[in-house]
Every structure is written in structure tokens, then in C-alpha cells.
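Colleague: Please see the structure below; I have some questions.
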Ligand SMILES: Nc1ncnc2c1ncn2[C@@H]1O[C@H](COP(=O)(O)OP(=O)(O)OP(=O)(O)O)[C@@H](O)[C@H]1O
Ligand SMILES: [Zn+2]
């Protein structure tokens, strides 16, 4: 393992008046060889129909982090020329990972149900109780890839400062219609972003994953991209520590406006090199409410 | 998105034609693909290899393919080699035509994002088999058949094979290794002497056909569900060391899981025995013995017969692929109702005499390839249309055969009278009607 160029920040704030935070997130790794940056956020559906969605969201994040980690470990351990490796990884990323994630999520959710049974009847219904979205990303020196099921925003600041949302659905979804890991054939709705990094410094410099409790807090539709653009500026001008110190305040503000849990997990490539690699500040990691 | 080539970058093909980069279309496993403007004002696609993939060996393959000048509308073939230029960075690429939008990739099919039909899928399979057969008959091994290369038109089953930059002359030892899912078991295991070639292509082709028809991988049954991580050893086991077909008649250890994989079990039941038998053979005996794999000509014969035996369910409207040799009707795979079989057109080709049996379902079409025993291609397009089943414009429920060819037919009725059917004319459909179609004879047979 080597220290990598990425630094992480993340946090989650419970929506006002909600009984508990139904979002979950994780952020780990440094982006050096052997330590891919893996980011994930999940937004449990929350409403009365999904009383166990906070558990579902945590399982989604955990399984995603595990599976992507395994995929990257495998890629590193097999002796294949780099050219072949990327092709194989692409196939796994687009084809296997979505299926595997959905299957492993279901398995763990049904295990949880076994341990803590409730009243719902069939397995289909049980799964819905845990319904959640998932948005995840991985960064290595060679690759940036991301996966999304349901709402949430992947916002990327490229090396040249341009901000984009590569996983934004082609058409806006209607109302509260949402895609969920709790639905049958959930893998079919997983969107995949695949972007090998062809030369050092050619990939993104900031990758931010957020739940819609953050994006819905802005009055304008492009609020979230402007927020992430601003985050990039802040990081460059004031540094990581300063941003970590204010992040939960920002998220709290967002949660007040959207009325929903607001969560962000981001990785930033520090142009000045590595400061303190590893996990974000624990005080920010803690889910404040 | 930051690609390797900048918008507006100018490159020059090996033949000296200039192209200008317009935009990045997407990233793949080996390189990026750009839309470019060509010197004649047209547009083309430019594949540009990642540095790690821009090897001398790859360059040799691409230049060899360009020199081959392979003209076949089923392939997007490398048309011109494009060397590196100073300000576009290192590497190289090649030009190909842009893929028309009507062609869609298989992931969209697997994700149920396309509207298509049984006939279109069977047609796509037949076209795929013939396309690879055309390559193999020229001594070229494709070596890279997978769901990433095949694009098809969900409306009619036309296909386009893309990403042809790993094909080499048979026997060339250079290694490839895309996804293990499509690799022949002997290659996954790395058996001594095993090389990618026509025989391993036949395995990949069968996997691809199975996936197009069943939307599932033939070896991913419950054994795969029992694996909880994404690792190499598990894949080698599934695809190399101990591959078991989901529907192996003897070994039931890898049957589809009824909950997680119920759809594939249902799809399997929806296809006729003659087609299933080929899959069973290929994924049992053929897994172990490369020389026993189902050949393209076998797939072609089975697929075209099944295509001619598709009927629509009168109850739910779904297309059903019936057993071509069956005498009884069977039940609809969608709603379970007993199918009503329409009359059949039996076509006898000139020597070497062969018989083609076409169920006259609504909209049934007779194509030029139906009239010869060994057609070079099975084209289902309008240009090779001979006849079409049409409903009488003012008497619904009455059908006739419309002559869509450019020569007249002679009809012989059961009462011995004859009738000329000029191009554009329709002959009413009656059991016992015989038609002299020029090269071939046809007979209408009651269900
Ligand atoms: N001729 C073309 N016209 C339009 N788009 C294309 C064309 N060829 C490729 N693309 C698009 O460009 C992207 C990358 O292509 P592709 O996946 O074939 O790259 P690749 O590196 O050859 O991948 P692999 O060899 O691993 O299959 C894809 O989104 C694909 O749809
Ligand atoms: Zn039916």
C-alpha cells in the first residue's frame, strides 16, 4: 500500500423532525496503489412503507464497499497485462457488480429479517421494508468508476475545473417515483459511469456523492453543481481541515431546508500533494443530528 | 470529461487524409472512441487506444485488418490506421464508420430497456451466426466474441459487430483476454496448447446466442449464487475448472434458482426442443471436447427453422417459437393458452432439393433465401422479400399472399385451374394451393 493523492471528507445530518437518520455513507482509501478510494452514500426510503430502510442503507453501503474492494483486490492480484486487466474490469463493473450488489444486499437483508422477524409476509414485501438507494464510486490511479441506483447526485470536478454529473438520468424522474434495491431485478436500473484515467492528472480532482436531502435544499436546479464547485474552491483556498470543520454546519443547513437527511461523501485530489491520507475526521464522520 | 484527444485536434490517417476530433463518444476497455469529421465533410468514429493498449502488437493487428479491406455491412471494420501526431499525444487509433443509432447494445436488452420481439431476437442470432461464419470461412478467428461487441436493431434483428480489433488470422498466437464469461473452458484453465481460435470462438458464440435469447449466462446458475465475492478463483471454477450448464440433463447441481433466476427458467421453456438440444450439446459434451462444439451451420439451420415456425398467440398476442417439426400446437409461454396454428407454406427448393416450412402467421414473409437450399445469407429485409401474408382490405379474417417479387407466379388450384399472379397481386390463401414461384415450388397446407 502506498499513500495516495486523495483526501476524504464526509458527513451526514439527520432531517429535522425525523425519528432517525435513514442515510448511510462511507469513505475510505487514499487512491494509492493497493488503497483505492471507495465512496458510497445510500438513502433509505424512510416513509412508513420502509420502516427498516436505515438498516437497508447501511447494508447497501457496506456491501458496495466490500464488493468494489474485492474487485479491485482481484484486479491487482491477477497477473494480467494492464491492457487486458482494464477490459476485464470494465466487464465486471458494468455487468457483474450491479447483479452481485443486488444479490448480496438481498441476502444480508433477509438474514437480518431472520434474526429480527416482523409481520410482513413474503420475501418481496420484506425486501421493500429495507428499501434504499445506493450511489458509489471508486478511484485508483488508473480508473474512476461509479454506480447509481435511484436518487442522489454524483458531481465531478474535472482537472480543468469543469463540473459535471455523469450519472444524471437522461430524463428527470417523476415525483416520488424512485428506484430501490428493494425491488425485484434492481440491478437492471443500476447506472454505471466508466472512465479510465489515461494519464496522471487527467482524471477528476473532486468527486462528490450526495443524497437528495442535499440537492433538494437548493432553490435552483443547478444548486448542487454550484455547491460542489464551491466546495472545490473552498478546498483549494482554505484547505481540508477548514472544510471538515464547517461541513456538518452546511449539511445541517441543507437538512433544515429540505426537511430530509443530508449526506455527502467526497474525495479531493490535493494539488499540493498528500497531507494526511486516510479517513475523514471522525468528528465529521459521526452522524450528528 | 477529459479524454486523450482534445476537441478540434487534427490527425492524419496513414493514407494522408485529415480528420478533426469533434467529441468523445465513450470510453471502453481498450481505448476511447471519438466522433470525427473527415476531409470529405462526412463523419466517422475514431478509436484511440489507451497508452497501455497501444502496443506494437495491437498496431500490427489493426494495420493487418485495414489492409484486409473486408467489405461486409454486418461489421464495423477498421477502415484506416491513424498514427500518433505530436500535439495529440502518443498512441494510435483507427477510423471506422459511426454506429447508426438504431443499433443497440446487449446490456440494454438484459436490462429490459428495449422493445423487441422473439422474431427480432431469433433473427439477430441467425445474423450473428452467419456473420461469424463469414469471418471463419475467410480464415479469421474473432477471439473476442462477447456482449460488448454485438449490437442489434430491436425492431428487426439486424446486427452490427463492433470492436473488431482483436480478430486475427487463424493460428496467430497473440493472446487476448477479455471477460472470462465468454472464454472457452480450456482457455480459462490455460490448458497446454489451448489457443484462441475458431473452436474457442464456437464456445463464445454459443454463450452469446444463449444470452441473446435467454438474457442470462448459461453457466450462472445456483452455483454462482453461492459465491459471495468477486474473485478470480471463483470465476475460474465456474467457467473453467468445473463448468456446469444450468440445464444439464444429467447434472442438476447448477439449475437456476427459482427465485433469483426464475426468468431464465421460463425463457428456456419458451424455446423449442430443437434449439434447446443444440445448447445442451454445446454446454455438456462441447464444454469438454472443443471439436464437438455446435458448428455455425448447425445453429443456422436450427435458427432459421425456428424463425419460420413462430406464431402469435391469439389470446395474448405474444410471439411463440414453436417446434418446427411438431404436429400439435402446444401452449403459449406467456399466458398458457393452447396455440392456434395457422396454415403452413411448404417450399421445395430446386436441387439440392430441400424443404422449408413457413407458418403463415400474421405478417409472415417469404424471402429469397427461402427459395434456395444453401443461401449465402438469410436476409429478412424488404429488398429480398418475395411474398407477404396480407389481410383482405374489406373482408377481415381473409388472408392472401401478396406477390412482392418482380416476376409473376403461377398458381394451381385444387380444382386444376391455374392463375397468374403478377407482382403486386394477391392470391387468396386456400389449403392445397400450389405456387410456381420461379426457382421454387410452394404448397399451402392446412394446419
Ligand atoms: N463506431 C462507433 N460509433 C459510435 N460509437 C461508438 C463506436 N464504437 C464505439 N463506440 C462507443 O464508444 C465507447 C467505447 O467503445 P468500446 O466499448 O467499443 O471501446 P473498447 O475500448 O474497444 O472496449 P472493449 O474492447 O473493451 O470492448 C462505447 O460507449 C461505444 O458505444
Ligand atoms: Zn398467450
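Chains as they are written, first to last, in the numbering used here: chain A, 820 to 1108; chain B, 35 to 481. For glycine and all other residues, C-beta sits at the position ideal for the given N, C-alpha and C. Because the structure is a prediction, the values reported are computed rather than measured.
1. For residue 51 of chain B and residue 169 of chain B, what's the separation of their Cα atoms in angstroms?
2. Does DSSP put residue 1046 of chain A in a helix, in a strand, or in coil?
3. Any beta-carbon of chain B closer than 8 Å to the one on residue 958 of chain A?
4. Identify the continuous beta strand (DSSP E) that holds residue 949 of chain A and give its terminal residues.
5. Considering only heavy atoms of ligand 2, does any lie closer than 7 Å to the CB of residue 87 of chain B?
6. Residue 1015 of chain A CB to nearest chain B CB: under 8 Å?
7. Just to confirm, is the Cβ distance from residue 842 of chain A to residue 867 of chain A under 8 Å?
8. Could you pull the start and end residues of the alpha helix (DSSP H) that residue 166 of chain B belongs to?
9. Please tell me whether residue 919 of chain A has its Cβ less than 8 Å away from any Cβ of chain B.
10. Closer than 8 Å by C-beta to residue 461 of chain B: which residues in its own chain qualify, once you throw out the five before and the five after it? Chain order, please.
11. Please name the residue, chosen from A/1055, A/1033, A/1052 and A/1065, that lies closest to residue 862 of chain A on a Cα-to-Cα basis.
12. Based on Cα-Cα distance, which residue from B/101, B/92 and B/291 lies nearest to residue 49 of chain B?
13. Restricting to runs no shorter than 3 residues, where is the beta strand (DSSP E) found entirely within the region 271-351 of chain B?
14. Using a Cβ-Cβ cut-off of less than 8 Å, list which residues of the region 896-916 of chain A approach chain B; keep chain order.
15. Taking residue 846 of chain A as the reference, which of A/954, A/1084, A/893 and A/1050 has the closest Cα?
16. Should residue 260 of chain B go down as buried or exposed, given a rule of 16 or more other Cβ atoms within 10 Å for buried?
17. Can you tell which of A/1067, A/1082, A/1071 and A/962 has its C-alpha closest to the C-alpha of residue 64 of chain B?
18. Checking the sheet assignment: what are the DSSP bridge partners for residue 828 of chain A?
19. Just checking: is the beta-carbon of residue 1007 of chain A within a distance shorter than 8 Å of some beta-carbon in chain B?
20. Taking the continuous beta strand (DSSP E) assigned at residue 460 of chain B, which residues delimit it?
21. Ligand 1 and residue 53 of chain B: does any heavy atom of the ligand fall closer than 7 Å to the residue's C-beta?
22. Considering residue 219 of chain B, what are the terminal residues of the alpha helix (DSSP H) in which it resides?
23. Suppose the cutoff is 7 Å on Cβ atoms and the five residues either side in sequence are ignored; what does the same chain contact list for residue 305 of chain B look like?
24. Determine, using beta carbons only, whether residue 989 of chain A comes closer than 8 Å to chain B.
25. Which residue marks the beginning of the beta strand (DSSP E) containing residue 54 of chain B, and which one marks its end?
26. Given 8 Å as the limit, is there contact between the region 230-238 of chain B and the region 286-295 of chain B, that is, 3 or more CB pairs closer than that?
27. Roughly how many whole angstroms lie between the Cα atoms of residue 395 of chain B and residue 301 of chain B?
28. Quick one, are the C-beta atoms of residue 984 of chain A and residue 974 of chain A less than 8 Å apart?
29. Does the contact criterion of 3 or more C-beta pairs under 8 Å hold for the region 183-200 of chain B versus the region 133-152 of chain B?
30. Which same chain residues end up closer than 6 Å to residue 365 of chain B when comparing Cβ atoms and leaving out the 5 residues on each side of it in sequence?
31. Are three or more beta carbon pairs between the region 846-859 of chain A and the region 930-942 of chain A nearer than 8 Å?
32. At 4 residues or longer, and completely inside the region 1007-1075 of chain A: list those alpha helix (DSSP H) runs for me, N to C.
33. Do residue 1013 of chain A and residue 917 of chain A have their C-beta atoms closer together than 8 Å?
34. Return no unless some Cβ of chain B is closer than 8 Å to the Cβ of residue 893 of chain A.
35. For a cutoff of 8 Å on Cβ pairs, would you count residue 87 of chain B as touching chain A?
36. Could you say which of A/946, A/893 and A/1009 lies nearest to residue 871 of chain A if we only look at CA atoms?
Modeller: Walking through what the data contain:
1. 28 Å
2. helix
3. no
4. Element bounds for residue 949 of chain A: n/a, residue is neither H nor E.
5. no
6. yes
7. no
8. 152-171
9. yes
10. 434, 435, 437, 443, 445, 453, 455, 467 and 469
11. A/1033
12. B/101
13. 344-346
14. 896, 897, 899, 900, 901, 902, 903, 905, 906, 907, 908, 909, 910, 911, 913, 914, 915 and 916
15. A/1084
16. exposed
17. A/962
18. A/1085
19. yes
20. 460-462
21. no
22. 219-223
23. 247 and 355
24. no
25. 52-61
26. no
27. 21 Å
28. yes
29. yes
30. 372
31. no
32. 1031-1034 and 1042-1057
33. no
34. yes
35. yes
36. A/946
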